[in-house]
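All remarks here apply to the structure that follows.
Number of protein chains: 4
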Amino acid sequence: MSSAPSVRDDRRFVLTLGCPDRPGIIAGITSFIAEFGGSIVEAGYHSAAGPSGLEAAARVTTEGPGAPPSNTATDTGWFFTRQAIKASTVPFELAELRDRFAGVAAEFGPETEWQLHDSGERRRAVLLVSKDGHCLHDLLGRAASGELPATIEAVIGNHPDLAGMTEAHGVKFHYVPFPKDPAERGPAFEQVRELVDGHDPHAVVLARFMQVLPAELCAHWAGKAINIHHSFLPSFVGARPYHQAFARGVKLIGATCHYVTAELDAGPIIEQDVSRIDHADDVHDMVRQGRDIERVVLARGLRWHLEGRVLVHGRRTVVFS
Amino acid sequence: MSSAPSVRDDRRFVLTLGCPDRPGIIAGITSFIAEFGGSIVEAGYHSAAGPSGLEAAARVTTEGPGAPPSNTATDTGWFFTRQAIKASTVPFELAELRDRFAGVAAEFGPETEWQLHDSGERRRAVLLVSKDGHCLHDLLGRAASGELPATIEAVIGNHPDLAGMTEAHGVKFHYVPFPKDPAERGPAFEQVRELVDGHDPHAVVLARFMQVLPAELCAHWAGKAINIHHSFLPSFVGARPYHQAFARGVKLIGATCHYVTAELDAGPIIEQDVSRIDHADDVHDMVRQGRDIERVVLARGLRWHLEGRVLVHGRRTVVFS
Amino acid sequence: MSSAPSVRDDRRFVLTLGCPDRPGIIAGITSFIAEFGGSIVEAGYHSAAGPSGLEAAARVTTEGPGAPPSNTATDTGWFFTRQAIKASTVPFELAELRDRFAGVAAEFGPETEWQLHDSGERRRAVLLVSKDGHCLHDLLGRAASGELPATIEAVIGNHPDLAGMTEAHGVKFHYVPFPKDPAERGPAFEQVRELVDGHDPHAVVLARFMQVLPAELCAHWAGKAINIHHSFLPSFVGARPYHQAFARGVKLIGATCHYVTAELDAGPIIEQDVSRIDHADDVHDMVRQGRDIERVVLARGLRWHLEGRVLVHGRRTVVFS
Amino acid sequence: MSSAPSVRDDRRFVLTLGCPDRPGIIAGITSFIAEFGGSIVEAGYHSAAGPSGLEAAARVTTEGPGAPPSNTATDTGWFFTRQAIKASTVPFELAELRDRFAGVAAEFGPETEWQLHDSGERRRAVLLVSKDGHCLHDLLGRAASGELPATIEAVIGNHPDLAGMTEAHGVKFHYVPFPKDPAERGPAFEQVRELVDGHDPHAVVLARFMQVLPAELCAHWAGKAINIHHSFLPSFVGARPYHQAFARGVKLIGATCHYVTAELDAGPIIEQDVSRIDHADDVHDMVRQGRDIERVVLARGLRWHLEGRVLVHGRRTVVFS
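This is how it looks when you write it as structure tokens:
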């Protein structure tokens, strides 16, 4: 569709890696790349403090700093990196690059986690929706114009309302009705799971899907199920956050894109943004204004996820945007 | 100090009023003003929905709108206004203006609350501080350059650290030590109360004052005690909000200026703002960045309060900024 | 389509008015409304300073304030208001309301300009496009979900590329080819004019239309032709503003929604917003990020225009948002 | 003053480097550091496209992408990096580190420019001011609380107004009167130059200094003279930008921190930010609101400069913030 990415000759092999921090990791990785003449076109690094580092940071309170942190052998931080190598400067295929890099990664210890993917290989997304179509419509438009680095393989709705909008974009829509009684929703979720997994997607996007995923599905799609919540989390968890925001009288409303975990609206945050409101804005106005933030925050978070820019570190994310 | 306001010939008589809503209030007020040829240079109006209006708004959920609201006689909303009248166009003194207006206000019912103040009469503020000086330093600078529509009458600290900074600006500093045991802090609070009340201030500003006011003081200073909290409330109530924000992994940090009430960090919000952070920012960075938001949010909220722009409506504020 | 507005029982008669400023105008208008028991649900007022007021403001420079302004008889400012009256509280039809109000307006002098429109009467918009579809797609989605207070009557393109996207939303697309030689484009513009005028639209939206309108068309559509320019005007007028922004090394990019006038990209600004970029963002990234601002800024400006919230005052706008 | 930085044990040796881009540079630098066991606590990289890369980017216009870029031997991009090495992990002194690194840098070609500085060595700033004190007051407060990584060595004013504020902070103030006739200001600038150079500062800050530096001084202080301009450049170059902004009717006002060059307000931009205004804000309001942006933008840009985070690339900056 869009040839924008390809015209930039920017097919890349993208390495993402996390491991216990120690000197020499960057040198190890970049020397490996330099040996075959690879050109690094984008590089991000982050050293996350270990427990005592965090504790030390915590002592720098507004009531004054505390004692300096002690660095003991057990106080290990964590190292994260993302490297994008120009594919045309790599003299072998991705599979061989992976094989060769495995040797380098082994030196960083058994806890090391890494991935190497080809930016030229299009990624797949499946969307879950209910009745609210603004995020769906926005993502369909981005996919059509090549702004989203993925194809939308299918849209699954627990209401049939958005079938028309989906199919007008040439995308398959599956209607999976959900029973009123939450206790009886198991089979519906099972059907959703099968439909989703049939596409082996890189991202399962809850684009204003108004059903809470059961814990098993959260675990099954861990690290690839992405939700857009219409509040600035952790404020206003759960249902009707704009009503909660109105009642509390906040002066900014927000939206949060996060990974789905079993604890409701508590997964690692990928992206957030806010919009100013005032006393004259009622809930209706907030819903309208909020849509503009939800669209952009979800699209941004999803793109970062698809491009391998998001690494999870406990309850936090590292985003090499 | 600064003659900026006066050069604009903008001495104003400022009316603020809240009453049960019904047709004709604006006409009543503005006709009264027009009769003596008064020139309204700034006018703000707000009709807050009554209970059933709010409920109706609540039905416009993201799952679809509900039934239209019923308008019964008991479903009364509330009306708020702020009118700034050019003083030079008023042919009598403020006291007489008040007397005359009392007759108009009486028609709007016994629940009506209103005030008329003279913008040419400088307002008085007293500041409470602890060790953190950034908000204090900022307000002292604004007062000195005429940016703050008030004189800072005194600064009271539960630590002596900020005495020098205060006195360098020619402002009196009172050090009131607080005992470690919260149960024994009563006399200290009593002393603070006397010092504050001695100035009969229009605003009591908790400029990063790290003591929780007892309920009696909250009630005593209701509507004029203003706090700056270093989080985007209602997230991260209480102590060390930047640490809470770091642990939760939010992508924006914020600050909130609000009226002090007996429930901690839960008073009506006057102003809020946020600043973007990322994974590389530790608590120390957040403290530094947060200071820039705290300063501006407090200064803005305080100015609006002093200029009679903030009206309280339950747990929410109407701000005619 | 969307019943969101109607469910709020908010059919309104909306008055917008501009006239030479003098005491008593608000009283005159609101007394007229109060007489028949009309309920004002939204009210905005603005007194724009006259020439000497502006000059006085100009003297308040950062090098210190100048002399106070003199108020002479010839120094007339301008008064603007927008009043939204709940239609259900008006005991007669719009036509009669207009007739009755004409008498009130006459008292404000011959220069007075005013309009009264019925918010329940859907407005009509026609869109002009080229190849870039993101603004078109966004507006089609808003119209479909009832977020845009208008129907999109037709889309006209000087390229055929966006016909499919338009027609998928059930909207008529007209392809009007433009000759390469600017000197020969007269007949094409004439055809566009006829197509547009056939719908008698309230708004003619240049949704990334890459042709400069001839001066006659600007005059013909004055006050209803709205453009979205992909820079923070007045920076980067004309072609390829993101390239200009990249070359200049700015740290924020922006978008501007403005009325079209004969002077290129110099018409009264309705709305603007910006987005942060950094050194790592190339023109391609700026184009992508810019689309998110363009969409929102255009949608916001267009909605305000359609709801009668924008009044033009010389080269500036008054926006009762 | 503030012990906040030191408590974090974060004395660092900071390397900044720019050179023609080619594979292997990162590996060369990080291998050098790894050899002696150095711990990199912060790393930033940027590959700026060469001329044909820029041209290719330029072809990705909104009218559609152009042909792919050709990579010829002469099309060299530029590589920038900033590495912060934990000083306690470096087994020799800064001087020796410099000597050793010189050998590494030599391999990157004769155009390579690099610096290595010790974050533990406090930097020196000299401030130039006129009558407007808000930026001065803000920087004095930051310096006093340890927020600014520099000592303010002296303040020089072409008006005596700010002497009191400066001296209250224990900083030396020099009053250098400037003649009315611009042609006769040479000796005054000469005196300023001598006063400034006597402190051998890392930064010469024009904190709302209302005199245009002569070209020789711009050249003499190239890369260390920093100005805060009260507009969102390149809009509103020169005098009275808020008046220009008011006349143009923009909806956001801004401030720009940039390096001073001989062309007025056209030097490389370090940082910018904006604030929303509306039709009700006159020039006086814009001046007030603008001060809040100016303070923060200048403080942020100055800190980045002092910490070696800003590298200049032609008319643009690379900021490793």
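Residue numbers (numbering that gives the first Met the number 0), protein chains in the order written: chain A, 0 to 320; chain B, 0 to 320; chain C, 0 to 320; chain D, 0 to 320. We put the CB at the ideal spot given by N, CA and C, even for glycine.
Where residue i meets chain B, residues with beta-carbon distance less than 7 Å
{"i": "A167 of chain D", "result": "A167"}
{"i": "S38 of chain C", "result": "P22"}
{"i": "R184 of chain D", "result": "Those do not exist, as R184 of chain D stays about 27 Å from chain B at its closest Cβ, beyond 7 Å."}
{"i": "A206 of chain A", "result": "Within 7 Å Cβ-Cβ: nothing; A206 of chain A doesn't reach chain B, min ~12 Å."}
Within chain D, partners of residue i - CB distance below 7 Å
{"i": "H45 of chain C", "result": "H278, A279"}
{"i": "S144 of chain B", "result": "G132, H133"}
Listed by chain order, chain C residues near residue i by CB distance under 7 Å
{"i": "R315 of chain D", "result": "G248, H278"}
Among the options, nearest to residue i - alpha-carbon criterion
{"i": "D160 of chain A", "options": "A:L212, A:A224, A:V128", "result": "A:V128"}
{"i": "S38 of chain A", "options": "A:E270, A:D9, A:A47", "result": "A:D9"}
{"i": "G321 of chain B", "options": "B:G313, B:I24, B:V249, B:F188", "result": "There is simply no residue 321 of chain B to check, as chain B begins at 0 and stops at 320 in what is shown."}
{"i": "M285 of chain A", "options": "A:E270, A:Q243, A:G266, A:R302", "result": "A:Q243"}
{"i": "M209 of chain B", "options": "B:S234, B:A202, B:P181, B:H198", "result": "B:P181"}
{"i": "A26 of chain B", "options": "B:V170, B:V103, B:E262", "result": "B:V103"}
{"i": "V323 of chain C", "options": "C:T80, C:L297, C:F12, C:A105", "result": "Past the boundaries of the shown model lies residue 323 of chain C; chain C is included only from 0 to 320, so the question cannot be answered."}
{"i": "I225 of chain B", "options": "B:V249, B:A265, B:G197, B:E193", "result": "B:A265"}
{"i": "F322 of chain A", "options": "A:D291, A:D98, A:S46", "result": "The question about residue 322 of chain A has no answer here: the residues shown for chain A are numbered 0 through 320."}
{"i": "V154 of chain D", "options": "D:R275, D:V259, D:C134, D:P240", "result": "D:C134"}
{"i": "S87 of chain D", "options": "D:F12, D:E112, D:L126", "result": "D:F12"}
{"i": "R239 of chain A", "options": "A:G248, A:V249, A:H228", "result": "A:H228"}
{"i": "L147 of chain A", "options": "A:L305, A:H136, A:A33, A:E293", "result": "A:L305"}
{"i": "G17 of chain B", "options": "B:E215, B:E92, B:L115, B:E34", "result": "B:L115"}
Beta-carbon neighbours of residue i, restricted to chain A and to distances below 9 Å
{"i": "V125 of chain D", "result": "Per Cβ cutoff of 9 Å: no residues; V125 of chain D is ~29 Å from chain A at best."}
{"i": "T88 of chain D", "result": "P22"}
Interface partners of residue i on chain A, CB under 7 Å
{"i": "T29 of chain D", "result": "I25, A26, T29"}
{"i": "A33 of chain D", "result": "P22, G23, A26"}
{"i": "R287 of chain C", "result": "E146"}
Interface partners of residue i on chain D, CB under 9 Å
{"i": "A104 of chain A", "result": "Here the premise fails: no neighbours, minimum Cβ distance about 16 Å."}
Residue range of the alpha helix (DSSP H) that includes residue i
{"i": "T88 of chain B", "result": "From DSSP, T88 of chain B is part of no alpha helix (DSSP H); its letter is neither H nor E."}
{"i": "A94 of chain B", "result": "93 to 105"}
{"i": "H133 of chain C", "result": "133 to 143"}
Residue i: first and last residue of the uninterrupted beta strand (DSSP E) it sits in
{"i": "F31 of chain D", "result": "Element bounds for F31 of chain D: not the beta strand (DSSP E) but the alpha helix (DSSP H), 24 to 34."}
{"i": "E41 of chain A", "result": "39 to 47"}
{"i": "G156 of chain C", "result": "149 to 156"}
{"i": "T316 of chain B", "result": "315 to 318"}
{"i": "H229 of chain C", "result": "Run containing H229 of chain C: none; DSSP gives neither H nor E here."}
{"i": "R11 of chain A", "result": "11 to 19"}
{"i": "L126 of chain A", "result": "122 to 128"}
{"i": "D117 of chain D", "result": "112 to 117"}
{"i": "L161 of chain A", "result": "From DSSP, L161 of chain A is part of no beta strand (DSSP E); its letter is neither H nor E."}
Chain B contact residues for residue i, given Cβ-Cβ distances below 8 Å
{"i": "V251 of chain A", "result": "Residue identity check: residue 251 of chain A is Leu in the sequence provided, not Val. Chain B residues near L251 of chain A: F231, G253, Q271, D272, V273."}
Neighbouring residues, chain D, relative to residue i (Cβ below 8 Å)
{"i": "A187 of chain A", "result": "The premise fails here: A187 of chain A is roughly 44 Å from chain D at the closest Cβ pair, so nothing lies under 8 Å."}
| request: May I ask you to list, following chain order, the residues of the segment 257 to 272 of chain B that have a beta carbon less than 7 Å from some beta carbon of chain A? | output: Taking 7 Å as the Cβ-Cβ cut-off against chain A, the residues of the segment 257 to 272 of chain B that qualify are P267, I268, E270, Q271.
| request: Report the residue ranges of all alpha helix (DSSP H) runs contained in full by the segment 168 to 224 of chain C; include only those spanning at least 4 residues, in chain order. | output: You should have 185 to 196, 214 to 219.
| task | List in chain order: all unbroken beta strand (DSSP E) runs of 3+ residues lying wholly within the segment 237 to 294 of chain C. | result | Taking 3 residues as the minimum length, the beta strand (DSSP E) runs contained wholly in the segment 237 to 294 of chain C are 251 to 258, 268 to 275, in order along the chain.
| said: Under 7 Å, CB to CB, which of the residues in the segment 219 to 238 of chain D have a partner in chain C? | reply: Within the segment 219 to 238 of chain D, those residues whose Cβ lies closer than 7 Å to any Cβ of chain C are, in chain order, F231, P233, S234.
| chain D contacts made by the segment 290 to 318 of chain C, where a contact means CB separation under 7 Å | Hits within the stretch, in order: R314, R315, T316, V317, V318.
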